[in-house]
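> Would you mind keeping the following structure in view while I ask a few things?
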Amino acid sequence: MVNVHRSGCPINLSLELLGDRWSLLILRDMIFGDLRHFRELLTGSQEGIASNILANRLKTLVEQGMLTKGNDATHKQKVIYSLTEPAIGLVPVMAELGAWGTRWLPVDDEMSARARALRDGGPELCHRFMAELREEHLGIPARTAADGHTVRELLQMAYLSVTTASKT
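Using our numbering, the first residue of the sequence shown is number 1, and each one after it goes up by one.
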């Protein structure tokens, strides 16, 4: 359960939990980039998060019930972070933020390709992505897509189509 310290307006409570830039970027990188280890999050972030800030935000996100932290079965000295249901529930919010940004901000075509693909896929694609994340992070089986691709693969294909087109 998400643990918030104050009661009140839902927007205020949401901002209290997610209002800092780094927490949202960590969740973005976990959701869209499939980054789940400290080192991956540290080196995989385009924004260049400092290690002490990353450690602090991961600890806070675990305490707030947005992430869980467990032992990685593939490596004794590694921990793996997993999204919880409240974090997975942010997918439609992040999709809307991305869609809003592509409409109103001077975004780079390459960097906004995934956001446009998710927007264009509508609520059904968001729900499908959430089901896939539940399978990856919570162990809840998802149905296999008719097209045989995961949503993350579809978003990557959208990105690659824009980068390939811009090079020609």
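No residue lacks a Cβ here, since even glycine has one placed at the ideal position from N, Cα and C.
Remember, it's a predicted structure, so these values are computed and weren't measured experimentally.
Helix, strand or coil: how does DSSP classify L83 here?
strand
> Where do the ends of the beta strand (DSSP E) carrying L67 lie?
L67 to N71
> Locate the alpha helix (DSSP H) running through P123, then write down its first and last residues.
For P123, the enclosing alpha helix (DSSP H) has its first and last residue at D109 to L138.
> Which value, in whole angstroms, describes the spacing of the CA atoms of K78 and G33?
19 Å
> Helix, strand or coil, according to DSSP, for G89 in the structure here?
Per DSSP, reduced to three states, the secondary structure at G89 is coil, with no helix or strand assignment.
> Any idea what DSSP makes of I172, helix, strand or coil?
Summary: the structure shown does not reach residue 172, with the chain confined to residues 1 through 168, and so no result is reported for it.
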